[in-house]
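Below is one structure, written out as structure tokens; the observations come after it.
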Amino acid sequence: MKIELISVIGLLLCLLIIGIEYILLYRLAELQDEHTARTENIRRRLDIHVEGVLYAPTDGSRNAEITAMANEINGDFTVYEMAVEAIREHNGSSFSGDDEAKERLIERINAQVDPVAIYVKMLDEGDVYHKGYACRRLAELNAQEYRDKIKDCVGSKDRDLSYNAAMALCRMGDVYEVAEYLLSIENDTLYSGRIVNEFFAQFTGDRGELASLIFEKCNKYMKCTVIKTIAIYKLDRFRPMYLEGASGDDSQMKIACVKALAAFGYPEDEQLLQIAAGDKDWVIRSSAIRGLSLLKTQSALNTVKHALGDKEWWVRQTAAQVITRMDISPKDLEEILGGYDRFAADAMKNVLYKSVE
Amino acid sequence: MGFLNAVRSFIVIFNYFCMAFTLLLSFIYIIQLFVSLFRVHRNYDKTFSDDFLSYVDSDNLLPISLIIPAYNEQENIVQNIRSLMKLNYPQFEIIVVNDGSTDKTGELVVNAFHMHKIETSIRYQIQTQNIEAVYYSKKYPNLLYVQKANGGKSDALNAGINISKYPLFTCLDADSRIEKDALLRLSLEFIKDSRTVVAGGIVRIANGSKIVDGELKGFSMPKKLIERFQIVEYYRSFLMGRVFWSASNSLLIVSGAFGLFRKQTVIEVGGYKKNTIGEDMEIVVRIHRYMRKNHRKYKVKFNEFSVCWTQGPMSLKDIRSQRRRWQIGLMDTLLSHAIMTFNPRYGFVGLVSMPYNWIFELFGALVETIGYVLLPFTLIMGELNMFFFVIYFLLSVSLGVILSEGSLVLEQYTHRAAMTAKQSISISVYAILENFGYRQLITLFRMEGILKYRKLRKTWGKIKRKEFEQ
Chain A
75 MKIELISVIG
85 LLLCLLIIGI
95 EYILLYRLAE
105 LQDEHTARTE
115 NIRRRLDIHV
125 EGVLYAPTDG
135 SRNAEITAMA
145 NEINGDFTVY
155 EMAVEAIREH
165 NGSSFSGDDE
175 AKERLIERIN
185 AQVDPVAIYV
195 KMLDEGDVYH
205 KGYACRRLAE
215 LNAQEYRDKI
225 KDCVGSKDRD
235 LSYNAAMALC
245 RMGDVYEVAE
255 YLLSIENDTL
265 YSGRIVNEFF
275 AQFTGDRGEL
285 ASLIFEKCNK
295 YMKCTVIKTI
305 AIYKLDRFRP
315 MYLEGASGDD
325 SQMKIACVKA
335 LAAFGYPEDE
345 QLLQIAAGDK
355 DWVIRSSAIR
365 GLSLLKTQSA
375 LNTVKHALGD
385 KEWWVRQTAA
395 QVITRMDISP
405 KDLEEILGGY
415 DRFAADAMKN
425 VLYKSVE
Chain B
17 MGFLNAVRSF
27 IVIFNYFCMA
37 FTLLLSFIYI
47 IQLFVSLFRV
57 HRNYDKTFSD
67 DFLSYVDSDN
77 LLPISLIIPA
87 YNEQENIVQN
97 IRSLMKLNYP
107 QFEIIVVNDG
117 STDKTGELVV
127 NAFHMHKIET
137 SIRYQIQTQN
147 IEAVYYSKKY
157 PNLLYVQKAN
167 GGKSDALNAG
177 INISKYPLFT
187 CLDADSRIEK
197 DALLRLSLEF
207 IKDSRTVVAG
217 GIVRIANGSK
227 IVDGELKGFS
237 MPKKLIERFQ
247 IVEYYRSFLM
257 GRVFWSASNS
267 LLIVSGAFGL
277 FRKQTVIEVG
287 GYKKNTIGED
297 MEIVVRIHRY
307 MRKNHRKYKV
317 KFNEFSVCWT
327 QGPMSLKDIR
337 SQRRRWQIGL
347 MDTLLSHAIM
357 TFNPRYGFVG
367 LVSMPYNWIF
377 ELFGALVETI
387 GYVLLPFTLI
397 MGELNMFFFV
407 IYFLLSVSLG
417 VILSEGSLVL
427 EQYTHRAAMT
437 AKQSISISVY
447 AILENFGYRQ
457 LITLFRMEGI
467 LKYRKLRKTW
477 GKIKRKEFEQ
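As given, the protein sequences belong to chains A and B, one line each in that order.
FYI, in my numbering the residues of the first sequence are 75 to 431.
FYI, in my numbering the residues of the second sequence are 17 to 486.
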């Protein structure tokens, strides 16, 4: 009897859970329906306001429309974002194709809506996810006066919030805070590589200054990562460091520095790149080939041609891709395609078939 | 008399065993459900501040090769390629591998995309059947069409890997559609954790719904009952099971319809295994085995927000063939990697995930079927306490409903705009109804898979599909 009693209690418990699940499911679905209906409603009303703002015949009537739109937004960030998106994507008015004019219009809307206040409130009162979101939006609005509030979030234990806050400062061009943040994660090699890449791409301040600050205190891994990342920005002030690293013995540093030097495409680096093109590490060879292809000298062309027969597929492929950008003569081309080097011919054919009809 | 007593005792003991088995399985499922509820809730909140669209311009985003193995896919192939071309991803290539189709698959692709034959260098990093020709189109430079001798799905995928040029690849079914942002969301798993070697997305049943360019434009209930049951089944399997297993880095299967792989890792483990019909599970298990054996840090992830739409079987015959095939694939993989089971060297995968799959996913069908067979005998012999039986039956059905309803709640959470409240509630009715007949039928098909393992383990079978509604 005892086990049967337990089973009955178990059954009742299950029925209770099912009931709760039903209520939860129904409530979630209902909320979703309400949300969809509300969004559609807002969108409909916003469309009228957006058209009113964009097609207003006079500046006075435009101001009146902006005020009406601000009332519709009423401190709701989702409505505000929908309005801004609608204006940016709208086609057909005199603003079409004129992004600057649209941005000026959004600034006028911002003056009435005060989105910064909305996001600051979110930053103060929201959970970690809302805080992170607010940081990003405040950076987009360039709310420099709230930089300190964002800085406080960089020290958060929550990695996402910390990242979002540092990214916001990055967009605001805060060189010291960003450098400190990157240095704080330098030992996390699984994480820092991509962060360095993202932060340098988004940084609005002086990238050279940011790199210098990092180089002063960072470890070797971070140094190599930063060098590889800033290669595309061709920062002349670091050339002596690149030249030293490219001729040194440290393989990781060599890879980074050759990549950085190759991006410049300076004739004075040709000799160094020629040497690097014969390195035992294929990553270095590949970077050097890319760099040599920018020089377009006969000796560089010869090295790139030679690389078409490299033992490593990636180097051959790189050489084939870059050689088409060099001044290669039909005779040279014929020689490669019909030559004894099957790998070179194959790599070339692969590129040529895709570029020639 | 002695024999009858022995039979009687066996039946009684087996009945208790079945009961304990079912309760234990339900208990495991409920743990899975709670872990998944917690994870999905957290992941959903995370997506709020993630701003994943900002990654479109990121240098960190790895380019992807989309490999579509196609064998007699003339109904869907062109439409699928067109839909893939509209993906929101900065750099990708589409490689259609025609695995010796006997219909017009190749002709349709070549003509639709104005392709011409090219000579190209191929790195045969994995051994495959001969690649007969490669076609390229200047108008669609990110599309390659590969014509090869028939060698099966695995061989076609391996050929695609050989010819692909990007560090990540995804295998896609020719009859599935992935959502516009799905690839971007899935590839973030590789950016955010460089240890990630495999990431799987969620597969949803498209039957009845309107899918345009991979986007759901209207959810409506499919006409047939078995299609409706499959919707509930897929929610349960993906939102509950896969979220749970990926949380413990022991997910053993990434759907063949939509999974993203690090190419170098797949090459290191030797590519897809030929002559198996469960190649999608086998490759993931082999990756676990290889990485753990070599003490390499790695992650197998699941992203519940990356959506792939697929057509579920529409007839009983097709669903029977599909489930039989899944069971054979499971059995084949478990047998191939049996050494991992209960082996501490393979960590959580060896100690929990593999035994779970053996005991509950493979032999579960066997236990359940024997239970059904013995039930009438128990009744005849008067060994069944009717009250107890009814309570037990209701309990097991209730537990099943809890799990299905729970996964519907999860679905409502992850894919909020898909269903209206009315649809959500009406689909929940099928979470109850599936326990009366459908579940038992599926168990029998799975059982058949086990019994016909030797005979059918190399037979794929073809499921009848229709074109996606546009």
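Heads up, the beta-carbon is just placed ideally off N, CA and C, and yes, glycines get one too.
Query raised in the report: Taking the C-alpha atoms as reference points, what is the distance between B:Ser74 and B:Phe461?
Result: 47 Å
**7 Å CB neighbourhood of B:Gln486 in its chain, flanking five on each side removed** = With a pLDDT of 47 at B:Gln486, under the threshold of 50, the modelled position of this residue cannot be trusted, and the question is left open.
Using only CA atoms, which one of B:Gly272, B:Phe129 and B:Val323 lies nearest to B:Lys169? B:Gly272
If the cut is a Cβ gap below 7 Å, which residues of chain B does A:Leu309 touch? In chain order: nothing, as chain B lies at least about 17 Å away.
To the nearest angstrom, how far is it from the Cα of B:Asp348 to the Cα of B:Ile441?
39 Å
Identify whether B:Gln486 lies in helix, strand or coil by the three-state DSSP scheme.
The predicted model places B:Gln486 with a pLDDT of 47, which falls under 50 and marks its position as unreliable; any figure quoted below should be read in that light. Of the three classes helix, strand and coil, the one that applies to B:Gln486 here is coil, per DSSP.
- [ ] Compare the C-beta of B:Val72 with all C-beta atoms of chain A and state if any pair is closer than 8 Å.
- [x] no
Worksheet entry | Cα-Cα separation between A:Cys88 and B:Val417, rounded to whole angstroms | 9 Å
query = Under a CB-based cut-off of 8 Å, is B:Asn31 close to chain A?
reply = no
Are the stretch 163-177 of chain A and the stretch 125-140 of chain A touching by the rule of at least three beta carbon pairs closer than 8 Å?
yes
Notebook entry, point to check: In chain B, which residues lie less than 7 Å from A:Trp387 when you measure between Cβ atoms?
Noted result: Arg139
For this session: Under 8 Å between beta-carbons, which chain B residues line up against A:Gln504? List them in chain order, please.
Result: Since the first residue of chain A shown is 75 and the last is 431, residue 504 of chain A is not available in this structure.
- Specify whether the stretch 276-296 of chain B and the stretch 260-268 of chain B touch according to this definition: at least 3 beta carbon pairs, one from each stretch, less than 8 Å apart. no
ask   = Taking just the CA atoms, how far does B:Tyr105 sit from B:Glu231?
value = 15 Å
- [ ] Could you check the C-alpha separation between A:Gly365 and A:Thr371 for me, to the nearest Å?
- [x] 12 Å
Note to self: Please report the straight-line C-alpha distance between B:Ile27 and B:Pro371, rounded to a whole angstrom.
What the structure shows: 26 Å
Checklist line | Integer Cβ distance of B:Asp164 from B:Val113, believed to fall under 8 Å | finding: It should be pointed out that residue 164 of chain B corresponds to Lys in this sequence rather than to Asp. The pair is a contact, with the Cβ atoms about 6 Å apart (cut-off 8 Å).
(request) Verify the CB distance criterion: does B:Glu135 have a CB-CB separation below 8 Å to chain A? (result) yes
(request) Starting from A:Asp234, find everything on chain B with Cβ-Cβ shorter than 7 Å and list it in chain order. (result) Lys62 and Ser65
- prompt: Considering only C-alpha positions, which residue in the set B:His353, B:Ile46, B:Leu53 and B:Leu241 is nearest to B:Lys289?
  reply: B:His353
A:Ser360, enclosing alpha helix (DSSP H) - first and last residue: Trp356 to Ser367
query = The alpha helix (DSSP H) spanning A:Leu407 covers which residue range?
reply = Pro404 to Leu411
Presumed contact (8 Å Cβ cut-off) between A:Ala336 and A:Ser361, rounded CB distance
5 Å
TODO: Go to B:Glu205, then tell me how far its alpha helix (DSSP H) extends in each direction, as first and last residue.
DONE: Ala198 to Lys208
task: Give a yes or no on whether the minimum CB-CB distance between B:Gln486 and chain A is below 8 Å.
output: For B:Gln486, the predicted structure reports a pLDDT of 47, less than 50, and the residue's modelled location is therefore unreliable. A value from the coordinates is still provided. Not an interface residue.
DSSP three-state assignment for B:Asn359, whether helix, strand or coil: coil
- What in chain B is Cβ-close to A:Val82, meaning under 8 Å? Ile407
Taking C-alpha atoms, which residue in B:Phe54, B:Glu195 and B:Pro157 lies nearest to B:Leu100?
B:Glu195
Can you find the residues in the same chain that come closer than 7 Å, C-beta to C-beta, to A:Ile147, ignoring five residues on each side of it along the sequence? Val153, Tyr154, Ala157 and Val187
Quiz prompt | Beta-carbon spacing of A:Arg390, A:Ala419 below 8 Å | solution = no
DSSP three-state call for A:Cys292: helix, strand or coil?
coil
Contacting residues, own chain, Cβ-Cβ under 6 Å from A:Ala239 (five flanking each side not counted): Cys209, Ile224, Cys227 and Val228
Any Cβ of chain B within less than 8 Å of the Cβ of A:Gly267? yes
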